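Colleague:
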Amino acid sequence: MACASAAVALWRSEGALALLSVASAALSAMLFGRGSGASGICAIAASASVLACAAASVTVASHDALASSGAVSRDGWIYLSAVIRGVPLAPIALLSLFAASARFGARFNWALVSGFVWLIGTGMISLGNAFVYVMQQADIDSGKIVNSGIYVGLMVCMLMCLAAGAALGVALRRKGLMITPAGLEARRDG
Amino acid sequence: MGDAAERRISWIMLAAGLLVMGAMFALSSNGMVRGLDSGHPVEYLQGTCIAGAIVLIIIFALRLLNVAALPMWFVAMLYGDIFYYVLSLCQGLYLDVSWWGYVSHMVASSIVGCIVFVAMCAIHEWSPPHVTLGTGGGIVAMTFLTGLAFGGIWEIIEGYIDIILGASYMSYSAIDTLCDLAADAVGMACAAAAVWFALRKGGAKHVLAGVRIGKNAMNKG
Numbered sequence: 041m042a043c044a045s046a047a048v049a050l051w052r053s054e055g056a057l058a059l060l061s062v063a064s065a066a067l068s069a070m071l072f073g074r075g076s077g078a079s080g081i082c083a084i085a086a087s088a089s090v091l092a093c094a095a096a097s098v099t100v101a102s103h104d105a106l107a108s109s110g111a112v113s114r115d116g117w118i119y120l121s122a123v124i125r126g127v128p129l130a131p132i133a134l135l136s137l138f139a140a141s142a143r144f145g146a147r148f149n150w151a152l153v154s155g156f157v158w159l160i161g162t163g164m165i166s167l168g169n170a171f172v173y174v175m176q177q178a179d180i181d182s183g184k185i186v187n188s189g190i191y192v193g194l195m196v197c198m199l200m201c202l203a204a205g206a207a208l209g210v211a212l213r214r215k216g217l218m219i220t221p222a223g224l225e226a227r228r229d230g
Numbered sequence: 003m004g005d006a007a008e009r010r011i012s013w014i015m016l017a018a019g020l021l022v023m024g025a026m027f028a029l030s031s032n033g034m035v036r037g038l039d040s041g042h043p044v045e046y047l048q049g050t051c052i053a054g055a056i057v058l059i060i061i062f063a064l065r066l067l068n069v070a071a072l073p074m075w076f077v078a079m080l081y082g083d084i085f086y087y088v089l090s091l092c093q094g095l096y097l098d099v100s101w102w103g104y105v106s107h108m109v110a111s112s113i114v115g116c117i118v119f120v121a122m123c124a125i126h127e128w129s130p131p132h133v134t135l136g137t138g139g140g141i142v143a144m145t146f147l148t149g150l151a152f153g154g155i156w157e158i159i160e161g162y163i164d165i166i167l168g169a170s171y172m173s174y175s176a177i178d179t180l181c182d183l184a185a186d187a188v189g190m191a192c193a194a195a196a197v198w199f200a201l202r203k204g205g206a207k208h209v210l211a212g213v214r215i216g217k218n219a220m221n222k223g
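Structure, rendered in structure tokens:
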């Protein structure tokens, strides 16, 4: 799914989603043969969400379909596209924690998960924007991508990651779980 | 280096830093820096000098009040970056030299990467025993992945400062913002490579040897 998403994003020159698709595929590959049930579900969620968002981004929610046709205002499209890019960030950030755990033996409690999901998600979209520069020169030249839109996109994605990280942290704390090389395990500190 | 010597050096660095920031503020206010001719508004240069002075005060106040101390090489790196940023901005290099801003972003991002790395080492060493970042690779991976966020957060701050103030002090164009983010990513990759070698040399415990928290720890530097 992540590879299909990468193909869609590369075909339609969607820099940020191409990066997220590649990241999802690479992290899933890192978990291959090492993962547990929880990490597998997370890999599927990350790949499915990035595929759905890439498909939406180049079809029903594209600039041509919405902003150019006048279906939504330009500002409305900027916010919508930011939300679409933000959706796969939390699953991919969580997947990267599972991958780090499986590959390097890391163990993350609820506090680290809530902080890291926020920062890794924000970092992923920042890196994604670097790929926008590489892949979407035509959109920048034509004015589809504007400076204020980049700031709004970064801000919306950061807030989405912050909320998702907090929610995941609360959920792990309530259920007494932490991320370990074996997947999700009950924490040992009582 | 003993506590007394470190305190003496901190006082000297703080005084010299404040002197330079004050001088640049005065020169900017009197129209005597090239940055004004390059197009920077005077209040932007003044604000940058004040911000630089505040950061210097925070760094050295933490040490001089015995709250927290960082290794001197690390303090020197931060100190150098503040000077690099303020002086080159006041000289107009960000506007006059096309690549200056991107190189600055790379340098600043690498330094942020080092700060994040120290934080990751602290998480790794000082967390409860059941929490760990695993092997050195885990620390480097987390440094790179989380460190990337700060480039984005900086761009958000730049953009929203201009949106709130209704001016264009720090953001110029979409290309500039995207190139800044790309430069941040390159800088963070450089930092990740550097910290990989630092970890191979001595491990997280070695990195944290110069980090001291609280008055009782100050003599152990």
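Going down the list, the sequences are from chains A and B.
Note that my numbering has the first sequence beginning at 41, numbered continuously upward.
Note that my numbering has the second sequence beginning at 3, numbered continuously upward.
Heads up, the beta-carbon is just placed ideally off N, CA and C, and yes, glycines get one too.
In this text the structure is predicted, and so the values were computed from the model without any measurement.
#1: The beta strand (DSSP E) that contains residue 219 (chain A), what's its start and end?
#2: I want to verify the contact list: residues of chain B whose CB lies under 7 Å from the CB of residue 172 (chain A), in sequence order.
#3: Listed from N- to C-terminal order along the chain, which residues in the region 138-166 of chain A have their beta-carbon within a distance smaller than 9 Å of any beta-carbon of chain B?
#4: Examine the Cβ distances between the region 7-18 of chain B and the region 210-220 of chain A and report whether three or more of them are shorter than 8 Å.
#5: Would you mind stating whether residue 76 (chain A) and residue 224 (chain A) have Cβ atoms separated by less than 9 Å?
#6: Quick check: the region 117-128 of chain B against the region 122-138 of chain A, are there 3 or more CB pairs under 8 Å?
#7: Helix, strand or coil for residue 214 (chain B), going by three-state DSSP, please let me know.
#8: Since residue 136 (chain A) meets chain B, which of its residues come closer than 7 Å, beta carbon to beta carbon?
#9: For the candidate residues A:59, A:41, A:44 and A:43, whose alpha-carbon lies nearest to that of residue 176 (chain A)?
#10: Just grab the DSSP bridge partners of residue 223 (chain A) for me.
#11: Measure the C-alpha to C-alpha separation of residue 72 (chain A) and residue 78 (chain A) and round it to an integer number of angstroms.
#12: Which runs of the beta strand (DSSP E) fall wholly inside the region 149-203 of chain B and span at least 3 residues, in chain order?
#13: Are the C-beta atoms of residue 189 (chain A) and some chain B residue less than 9 Å apart?
#14: Given the structure, does residue 100 (chain B) come close to the ligand FAD, in the sense that its CB is under 8 Å from one of the ligand's heavy atoms?
#15: Is it buried or exposed for residue 147 (chain B), if we count other Cβ within 10 angstroms and need 16 for buried?
#16: Comparing the C-beta of residue 117 (chain B) with each C-beta of chain A, is any distance below 9 Å?
#17: Under 8 Å Cβ-Cβ, which residues of chain A neighbour residue 183 (chain B)?
#18: Could you say if the region 32-40 of chain B and the region 86-93 of chain B meet the contact criterion of at least three C-beta pairs nearer than 8 Å?
#19: Does residue 166 (chain B) come within less than 9 Å of chain A when only Cβ atoms are used?
#20: Which residues in the same chain have their Cβ closer than 7 Å to the Cβ of residue 7 (chain B), if we skip the five residues on either side of it in sequence?
#21: My parser needs the alpha helix (DSSP H) runs of 4 or more residues fully inside the region 84-121 of chain B; what are they?
#22: Going by the beta-carbon positions, is the gap between residue 154 (chain B) and residue 173 (chain B) smaller than 9 Å?
#23: May I ask you to list the residues that DSSP assigns as paired with residue 70 (chain B)?
#24: Looking at the unbroken alpha helix (DSSP H) that takes in residue 182 (chain A), where does it start and where does it end?
#25: Within the continuous alpha helix (DSSP H) that includes residue 100 (chain A), where are the two ends?
#26: Verify the CB distance criterion: does residue 51 (chain A) have a CB-CB separation below 9 Å to chain B?
#27: For residue 202 (chain A) and residue 148 (chain A), what's the separation of their Cα atoms in angstroms?
#28: Is residue 108 (chain B) close to chain A, meaning its C-beta is less than 9 Å from at least one C-beta of that chain?
#29: One question on the structure: do residue 122 (chain B) and residue 212 (chain B) come within less than 9 Å of each other, judged by their Cβ atoms?
#30: DSSP three-state label for residue 145 (chain B), please.
#31: So with Cβ pairs under 9 Å, would you call residue 41 (chain A) a contact of chain B?
Modeller: By the coordinates alone:
#1: Residue mapping note: residue 219 (chain A) aligns to position 179 of the first sequence, counting from 1. Note, residue 219 (chain A): beta strand (DSSP E), 217-220.
#2: Taking the first sequence and counting its residues from 1, the one referred to as residue 172 (chain A) is at position 132. Here the neighbours are 180.
#3: 139, 140, 141, 143, 144, 145, 146, 147, 148, 149, 151, 152, 155, 156, 158, 159, 160, 161, 162, 163, 164, 165 and 166
#4: no
#5: Stepping through the first sequence from its first residue, residue 76 (chain A) is reached at position 36. Stepping through the first sequence from its first residue, residue 224 (chain A) is reached at position 184. Yes, these two residues count as a Cβ contact at 9 Å.
#6: no
#7: Taking the second sequence and counting its residues from 1, the one referred to as residue 214 (chain B) is at position 212. Looking at residue 214 (chain B) - three-state DSSP - the assignment turns out to be strand.
#8: Residue 136 (chain A) sits at position 96 when you count from the first residue of the first sequence. The answer, in chain order, is 147.
#9: Taking the first residue of the first sequence as 1, we reach residue 176 (chain A) at position 136. Taking only the C-alpha atoms, the option nearest residue 176 (chain A) is A:59.
#10: On the first sequence, position 183 is the one that residue 223 (chain A) refers to. Paired residues: A:220.
#11: The residue given as residue 72 (chain A) occupies position 32 in the first sequence. The residue given as residue 78 (chain A) occupies position 38 in the first sequence. Distance between the alpha carbons of residue 72 (chain A) and residue 78 (chain A) is about 13 Å.
#12: none
#13: Walking along the first sequence from the start, residue 189 (chain A) turns up at place 149. It does; some Cβ of chain B falls within 9 Å.
#14: The ligand FAD is not part of the structure shown, which contains no ligands of any sort.
#15: Residue 147 (chain B) sits at position 145 when you count from the first residue of the second sequence. Burial call: buried.
#16: For the purposes of this step, residue 117 (chain B) is taken as residue 115 along the second sequence, with counting starting at 1. By this cut-off, residue 117 (chain B) is not an interface position.
#17: As a working note, residue 183 (chain B) is residue 181 in the second sequence. In chain order: 166, 167, 169, 170 and 173.
#18: yes
#19: Indexing the second sequence from 1 puts residue 166 (chain B) at position 164. For residue 166 (chain B), the answer is no, since every Cβ of chain A falls outside 9 Å of its Cβ.
#20: If you number the second sequence from 1, residue 7 (chain B) lands on position 5. None.
#21: 95-98
#22: Within the second sequence, numbered from 1, the residue matching residue 154 (chain B) stands at position 152. Within the second sequence, numbered from 1, the residue matching residue 173 (chain B) stands at position 171. Taking 9 Å as the Cβ cut-off, residue 154 (chain B) and residue 173 (chain B) do not qualify as a contacting pair.
#23: Working through the second sequence from its first residue, we reach residue 70 (chain B) at position 68. Note: residue 70 (chain B) sits in a beta bridge opposite B:215.
#24: In the first sequence, residue 182 (chain A) corresponds to position 142, counting from 1. Residue 182 (chain A) -> alpha helix (DSSP H) spans 177-182.
#25: In the first sequence, the residue the question calls residue 100 (chain A) occupies position 60. Here residue 100 (chain A) belongs to no alpha helix (DSSP H), and DSSP marks it neither H nor E.
#26: Translated into positions along the first sequence, residue 51 (chain A) becomes position 11. By this cut-off, residue 51 (chain A) is not an interface position.
#27: For the purposes of this step, residue 202 (chain A) is identified with residue 162 of the first sequence, where counting begins at 1. For the purposes of this step, residue 148 (chain A) is identified with residue 108 of the first sequence, where counting begins at 1. Approximately 17 Å, taken between the alpha carbons.
#28: Position 106 of the second sequence, counted from the start, is the residue given in the question as residue 108 (chain B). Answer no: the Cβ-Cβ gap between residue 108 (chain B) and chain A never drops below 9 Å.
#29: Position 120 of the second sequence, counted from the start, is the residue given in the question as residue 122 (chain B). Position 210 of the second sequence, counted from the start, is the residue given in the question as residue 212 (chain B). Contact: no.
#30: Within the second sequence, the letter at position 143 stands for residue 145 (chain B). Residue 145 (chain B): helix per DSSP, three-state reduction.
#31: Translated into positions along the first sequence, residue 41 (chain A) becomes position 1. Not an interface residue.
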